[in-house]
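Trainee:
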Amino acid sequence: MYSGPAAAGGPPRRDFITLTLGPQEAGGAGGYNNSKAWRRRSCWRKWKQLSRLQRSVILFLFAFLAVCGVISYTNMGEAWKSLTDKPLDDQGTEQEIPGLKLANPAVLPAPQKAEANRGDYPELSPQKPPKLPHVRRGSSNLQIKAPRRDTRLRTRPGTIRAVEEPVQADKEEKTEKSVISWRGAVIEPDQSTEPPSSKIKEPEKPLSEEAEHQKEPVPLTQRQLAVVEAFRHAWRGYRDFAWGHDELKPVTKSYSEWFGLGLTLIDALDTMWILGLKEEFEEARKWVANDLVFDKNVDVNLFESTIRILGGLLSTYHLSGDSLFLEKAKDIGNRLMPAFKTPSKIPYSDVNIGRGTAHPPRWTSDSTVAEVTSIQLEFRELSRLTGDEKFQKAVDEVMKHVHTLSGKNDGLVPMFINTNSGQFTHLGVYTLGARADSYYEYLLKQWIQGGKKENELLEDYMGAIEGVKKHLLQKSEPKRLTFVGELAHGHFSAKMDHLVCFLPGTLALGVHNGLAADHMELAEALIETCYQMYAQVETGLSPEIVHFNLHAQKGHKDVEIKPADRHNLLRPETVESLFYMYRFTGDKKYQDWGWEILQNFNKYTRVPTGGYTSINNVQNPSNPEPRDKMESFFLGETLKYMFLLFSDDIDLINLDKYVFNTEAHPLPIWMPA
1 MYSGPAAAGG PPRRDFITLT LGPQEAGGAG GYNNSKAWRR RSCWRKWKQL SRLQRSVILF
61 LFAFLAVCGV ISYTNMGEAW KSLTDKPLDD QGTEQEIPGL KLANPAVLPA PQKAEANRGD
121 YPELSPQKPP KLPHVRRGSS NLQIKAPRRD TRLRTRPGTI RAVEEPVQAD KEEKTEKSVI
181 SWRGAVIEPD QSTEPPSSKI KEPEKPLSEE AEHQKEPVPL TQRQLAVVEA FRHAWRGYRD
241 FAWGHDELKP VTKSYSEWFG LGLTLIDALD TMWILGLKEE FEEARKWVAN DLVFDKNVDV
301 NLFESTIRIL GGLLSTYHLS GDSLFLEKAK DIGNRLMPAF KTPSKIPYSD VNIGRGTAHP
361 PRWTSDSTVA EVTSIQLEFR ELSRLTGDEK FQKAVDEVMK HVHTLSGKND GLVPMFINTN
421 SGQFTHLGVY TLGARADSYY EYLLKQWIQG GKKENELLED YMGAIEGVKK HLLQKSEPKR
481 LTFVGELAHG HFSAKMDHLV CFLPGTLALG VHNGLAADHM ELAEALIETC YQMYAQVETG
541 LSPEIVHFNL HAQKGHKDVE IKPADRHNLL RPETVESLFY MYRFTGDKKY QDWGWEILQN
601 FNKYTRVPTG GYTSINNVQN PSNPEPRDKM ESFFLGETLK YMFLLFSDDI DLINLDKYVF
661 NTEAHPLPIW MPA
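Each residue of the sequence shown is one higher than the last, beginning at 1 in full-length UniProt numbering.
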């Protein structure tokens, strides 16, 4: 404010003007003092001096910036909230495998990206980490828990929960650490400090939604309890007289060796888990951890060691979530790979797992078709878990090669294939029995395992079933039983191996997965025949091979048994198909037939001191002539399928989530993301 001089003879006059003071004027009295009030008045005057257009533009810009700020704040706030509020476990389990995901994430330690997330969180260590529910683990060397103490033997979902608990505990610990009897039967690496291509998957915690929707415990039936008792009796004999050896000789209370790798123990691991036998499983696990060594100068059969050892270890890993079994599976898988070093890529039958060499049998350069085409489920799954494509590549090359070969007869394949030329040999002989059987089984099961995408496998399977109908099906007399015979150079033989009884279950599995409905009709007819192979025999137990009467003869049954064929090896194929048929139809007669078979096993093959024995003569109830040998597949397959047959719980190894290998070891079905 400036005060001018007073006019002469009158009151003083004041004029008010606005000045912009320079630096020298600012120091005078009454000048610019930088007060907030003065600045506000000055800014307001400046604003009023602007035109209406200028003020509108400025207001619009301020409004636009304000809206952008609100949106940005909201997005950042939600992201930060999800990072800080969500439990660490959930962040791991919600990751999915690119391209593939497993059908059963609740019990399956799926190879996911979640491990990377786990490794990221410890890097936030200056900050307070998200709060995790703490589960106290057992001793560090025991990486899984068998079914929980509060898990009752009578409950299947209890077994599922027992599966989930060690998986969850294992993940939380990782988080805290920062990361030779014929048996004719990718993708990501796990994150660790090693290069990605060689990493092993770690089990993941079950998804919370899956756990929330679990059913109430389903009590075991009396028949299932009888199977548990039978298993314990068999296991007692093995534990007392053959511990750590391949097979029990129950009569002489000793053992026999084939590979010297504890075949019975490994074959029975997932059976014990499914039956809920906690103590037996834990004891067997300790043997695997401390005594199972593959660095041995011993020849093993590629097929048998794949389906029993590799398959058993992979299955047990999936059910238990214990990485010990995956490490062992990777070890034996690598040691079997020299078998594929042949001119034709058709693998040799035998491998020395200590020396890393392979060779055909001493008497021939041929391998059997079933052997080289029934190892695919296991090696493909090993590639999926480890991220190492060599396993799947080797077995896929075999299937692609066989797919292109000549020498088939309407989809039916010969029994032998040469490892040098890669061509079928012994042409003109076709069977679904020994040396060819599981080729047909694995066509369907690989197609199912891979998410029903590999059309060549499906084409070969469907073509083969049509070939069976055209060339191998006949009816017996007098009961008109449908059976599968053999064809040798155009001549039909009414001979049927017990091994062929895998077929009804395989046909039913195909129908369940959308294949032709008339396959179920054939399955129902064939399972009736397989049952009659037991029911028409004096002991109620099937021989290894039967011949069917094609013409009615007075006093003759449908089934004829030759002296060389009347032995019983405690085989699983009929019980296996009974399981599939009951699971898909719900017809109780299949359970009743299985119950008869179990009772006859107990009556004629059970050894009082422990174990069950194969027998030489199923036609002599008073003296069935014990052979003094309990095959490993009796625990790995026969009793497992019995237990599953007597269950009404479809989630007890859900067939939409698992596919069984030919040794009854369940492996996960891959499903597209």
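Quick reminder that beta carbons are idealized off the backbone N, C-alpha and C, glycines included.
Quick caveat: nothing in here was measured; it's all calculated off a predicted structure.
Report the rounded CA-to-CA distance for residue 724 versus Leu-570, giving the unit in angstroms.
Mentor: Outside the modelled stretch of the chain, which goes from 1 to 673, sits residue 724, for which no answer is possible.
Trainee: According to DSSP, Arg-285 sits in a beta bridge with which residue or residues?
Mentor: Answer by DSSP bridge pairing: none, since Arg-285 is not bridged.
Trainee: Can you check DSSP and say which residues form a bridge with Gln-474?
Mentor: Answer is Phe-483, bridged to Gln-474.
Trainee: Using the DSSP secondary-structure output, state which residues sit across from Glu-521 in a beta bridge.
Mentor: According to DSSP, which records beta bridges pairwise, Glu-521 is partnered with nothing at all.
Trainee: In angstroms with no decimal places, state the Cα-to-Cα distance between Val-218 and Ile-650.
Mentor: Cα to Cα, the separation comes out at about 11 Å.
Trainee: Could you tell me which residues DSSP puts in a beta bridge with Asn-352?
Mentor: Looking at the DSSP assignment, Asn-352 forms a beta bridge with Asp-299 and Thr-357.
Trainee: With distances taken between CB atoms, is the gap from Asp-592 to Leu-481 smaller than 8 Å?
Mentor: No, the Cβ-Cβ distance between Asp-592 and Leu-481 is not below 8 Å.
Trainee: If you draw a straight line from the C-alpha of Thr-357 to the C-alpha of Trp-363, how long is it?
Mentor: Rounded to whole angstroms, Thr-357 to Trp-363 spans 18 Å at the Cα level.
Trainee: Terminal residues of the continuous beta strand (DSSP E) containing Ile-448?
Mentor: It is not in any beta strand (DSSP E) - Ile-448 instead sits in the alpha helix (DSSP H) that spans 437 to 449.
Trainee: Distance check for Lys-408 and Met-671, CA to CA, integer angstroms please.
Mentor: Spanning the two alpha carbons is a distance of roughly 32 Å.
Trainee: Report all residues from its chain with a CB closer than 6 Å to the CB of Tyr-440; omit the five preceding and five following residues, and keep chain order.
Mentor: Ala-464.
Trainee: Do Ser-367 and Gly-422 have their beta-carbon atoms positioned less than 8 Å apart in this structure?
Mentor: Against a cut-off of 8 Å, the Cβ pair of Ser-367 and Gly-422 comes out as no contact.
Trainee: Would you identify the three-state DSSP class for Met-630, choosing helix, strand or coil?
Mentor: Looking at Met-630 - three-state DSSP - the assignment turns out to be strand.
Trainee: Touching or not, the region 509 to 527 and the region 538 to 552, by the rule of three or more beta carbon pairs under 8 Å?
Mentor: Contact between the region 509 to 527 and the region 538 to 552 is absent, because fewer than three Cβ pairs lie under 8 Å.
Trainee: By DSSP, does Ser-383 sit in helix, in strand, or in coil?
Mentor: Three-state DSSP puts Ser-383 in a helix.
Trainee: Round the Cβ separation of Phe-646 and Val-227 to the nearest angstrom and send it over; I've been treating them as touching at under 8 Å.
Mentor: 6 Å between Cβ atoms; contact.
Trainee: Could you tell me whether the Cβ atoms of Asp-267 and Gly-555 are closer together than 8 Å?
Mentor: It is not a contact, given that the beta carbons lie outside the stated cut-off.
Trainee: Name the two residues that bound the continuous alpha helix (DSSP H) containing Tyr-590.
Mentor: Run containing Tyr-590: 588 to 604, per the alpha helix (DSSP H) assignment.
Trainee: Is Glu-560 helix, strand or coil by DSSP?
Mentor: Glu-560 falls in the strand class under three-state DSSP.
Trainee: Using 8 Å as the Cβ pair cut-off and three pairs as the minimum, do the region 651 to 670 and the region 232 to 246 touch?
Mentor: No: the two stretches stay apart, fewer than three of their Cβ pairs being nearer than 8 Å.
Trainee: Among Ile-669, Pro-666 and Tyr-604, which one has its Cα closest to the Cα of Val-251?
Mentor: Checked all of Ile-669, Pro-666 and Tyr-604; the closest Cα to Val-251 is Tyr-604.
Trainee: So the alpha helix (DSSP H) Tyr-580 belongs to, where does it begin and stop?
Mentor: 573 to 585 is the span of the alpha helix (DSSP H), which, as asked, contains Tyr-580.
Trainee: According to DSSP, is Pro-672 part of a helix, a strand, or is it coil?
Mentor: The answer is strand: DSSP assigns Pro-672 an E or B state.
Trainee: Taking contact to mean at least 3 C-beta pairs separated by less than 8 Å, is the region 327 to 347 in contact with the region 272 to 281?
Mentor: These segments do not touch.
Trainee: Once the 5 residues before and after Asp-295 are set aside, which same chain residues still bring their CB inside 7 Å of it?
Mentor: Same-chain partners within the cutoff: Gly-354.
Trainee: What are the boundary residues of the beta strand (DSSP E) that Val-546 is part of?
Mentor: Per DSSP, Val-546 belongs to the beta strand (DSSP E) from 545 to 548.
Trainee: So is Pro-608 buried or exposed if we call it buried at 16+ other beta carbons inside 10 Å?
Mentor: The residue is exposed, with fewer than 16 neighbouring Cβ atoms inside 10 Å.
Trainee: Can the beta-carbon of Pro-414 be found less than 8 Å from the beta-carbon of Val-369?
Mentor: For Pro-414 and Val-369, yes; Cβs fall inside 8 Å.
Trainee: Could you tell me if Ser-56 is buried or exposed, where buried requires 16 or more neighbouring beta carbons within 10 angstroms of its beta carbon?
Mentor: Label assigned to Ser-56: exposed.
Trainee: Mind checking who Val-659 pairs with in its DSSP beta bridge?
Mentor: According to DSSP, Val-659 bridges with Leu-667.
Trainee: Are at least three pairs of beta-carbons, each pair with one atom in the region 370 to 377 and one in the region 422 to 431, less than 8 Å apart?
Mentor: With the cut-off at 8 Å, the region 370 to 377 and the region 422 to 431 do not touch.
Trainee: Measure the Cβ-Cβ separation of Thr-342 and Lys-640 and say whether it is below 8 Å.
Mentor: Result no, Cβ atoms of Thr-342 and Lys-640 do not sit closer than 8 Å.
Trainee: Write down every uninterrupted run of the alpha helix (DSSP H) in the region 366 to 440 whose length is 4 residues or greater and which is fully enclosed by it, in chain order.
Mentor: If we require 4 residues or more, the alpha helix (DSSP H) runs fully inside the region 366 to 440 come out as 369 to 372, 376 to 386 and 390 to 404.
Trainee: Between Glu-663 and Arg-308, is the Cβ-Cβ spacing less than 8 Å?
Mentor: Closer than 8 Å, so yes.
Trainee: Examine the Cβ distances between the region 576 to 587 and the region 495 to 509 and report whether three or more of them are shorter than 8 Å.
Mentor: In short, these stretches touch, since the Cβ pair count reaches three.
Trainee: Would a C-beta distance cut-off of 8 Å place Thr-264 and Ala-230 closer than the cut-off?
Mentor: No.
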